[in-house]
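In what follows, a structure is listed as structure tokens, so that the remarks can point back to it.
Residue numbers (the working numbering): 58 to 445.
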């Protein structure tokens, strides 16, 4: 009975996506496609104006996404020279519009921004891509980017890079009418696309890294297995509630947990420092207005993130060291100067403040010398003398 219920749930979740894809196949996008392909060139100087033009006559959110997708894959060429150099070709979305070329991350960024200008939540999905017929790539660092969007209340997947590559050229594999990368079926896309964060698979039974590395012929067998313990819908709902900065950290953490390579470990460490910097900026803005307990809480968060990041990074950038040292010193001063307001015993506050100052001093002794570190060491020694 229970096994049969699980089978039904699995069928319902996959069946939902199949129905959406089926509806797509019956939708006439010809007018939207034609308008997108023939959009005036002068409009791409301003992304807002271009997006408004493309979507003004589109029916519903799916029609708007279709207009955005078709414009991108018919007007933005893949930057093969940059790909061969393994070098980022654009530094902004405006660069993409000006050059009319992009790599996969550029395609995904552009799609995300145009969807958001249409009031449709969209995200860049970073992960690993492979040709189904070819051996799986190394999972050291993500090598591809595509998109997820919340369209008419349903999470859907898109890959404008592969859409452009398979519907253009002298011998295209697909046409716009049967492009499998517009509203891609999750159970089919996973055969070639493995997200760093498992929730973006949008499958009730997420594919593991080991399974993805196995021959393509065995992948579909894995997908037939039942796993009732994972709900990607709940994960996506939680993700949406996070701030943009917190989402970046969450993505880096989930990617590292799923693919604990050296590159992903380093990326996670830097993401921790990035978020620590945001908390530090918040603490600085609130310094003169927030209650001491709030400032202490923010500083503690910065310190915790920096300590965790150090476990994943061999060498810190100068700004990362400075951020950590500042947080340690600020917390020590806060503890010592506001013992009464924080309701901490003097002995306990002094002991904790000394520990923080010694940690700041030790951090200032590592890495390349700098004027900041010299001044930080002097401050630490002065505060230590006062407290002792």
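Each residue gets a CB set at the ideal place from its N, CA and C atoms; glycine is no exception.
In terms of Cα proximity to residue 408, the closest of 392, 422, 418, 420 is 392. Taken atom to atom, the span from the alpha-carbon of residue 239 to that of residue 220 is near 7 angstroms.
In this structure, the straight-line span from the alpha carbon of residue 335 to that of residue 435 is close to 26 angstroms. Using a Cβ distance threshold of 8 angstroms, residue 222 and residue 315 do not count as a contacting pair.
Excluding its 5 nearest sequence neighbours in each direction, residue 154 has C-beta neighbours in its own chain below 6 angstroms: 101, listed in chain order.
In the displayed model, residue 262 falls within coil according to three-state DSSP, outside both helix and strand. Beta-bridge partners of residue 206 (DSSP): 179, 213. In the three-state reduction of the DSSP assignment, residue 184 falls in the strand class.
In the assembly as shown, residue 416 is a buried residue. Its beta-carbon has 16 or more other beta-carbons within 10 Å. When rounded, the separation of the alpha-carbon atoms in residue 126 and residue 377 is 39 angstroms. Linking residue 439 to residue 360 through their CA atoms gives a straight-line distance of about 21 angstroms. Leaving aside the five residues that flank residue 233 on each side, the residues in its chain whose CB is nearer than 7 angstroms to its CB run, in chain order, 90, 127, 224.
For the 8 angstroms CB-CB criterion, residue 332 and residue 291 do not form a contact. Beta bridge pairing from DSSP links residue 251 with 185. The C-beta distance from residue 413 to residue 385 rounds to 5 angstroms, short enough to meet the 8 angstroms contact threshold.
Pairing residue 206 with residue 181 gives a Cβ-Cβ distance that is not under 8 angstroms. Around the beta carbon of residue 258, 16 or more other beta carbons lie within 10 angstroms, which makes this residue buried. Check the Cα spacing between residue 137 and each of 121, 237, 218, 431: the tightest is with 218. The DSSP assignment places no complete run of the alpha helix (DSSP H) inside the region 357-391 (cut-off: 4 residues). In this structure, DSSP gives residue 240 an extended state, which the three-state scheme calls strand. For residue 277, the uninterrupted alpha helix (DSSP H) segment begins and ends at 273-280. Here the alpha carbons of residue 419 and residue 445 stand approximately 18 angstroms from one another. Here residue 246 has 214 as same chain residues with Cβ atoms under 7 angstroms from its own Cβ, once five neighbours each way along the sequence are excluded. Comparing alpha carbon positions, the residue from 281, 84, 389, 406 closest to residue 235 is 84.
For the 8 angstroms CB-CB criterion, residue 424 and residue 370 do not form a contact.
Assigned with DSSP and collapsed to three states, residue 231 falls in coil, not helix or strand. Note on residue 141: under 16 other CB atoms within 10 angstroms of its CB, so exposed under the neighbour-count rule. Of the residues 343, 107, 431, 130, the one whose Cα lies closest to the Cα of residue 229 is 130. Within a 10 Å sphere around the beta-carbon of residue 342 sit fewer than 16 other beta-carbons, which makes this residue exposed.
The C-beta of residue 430 has 16 or more other C-beta atoms within 10 Å across all chains shown, which makes the residue buried.
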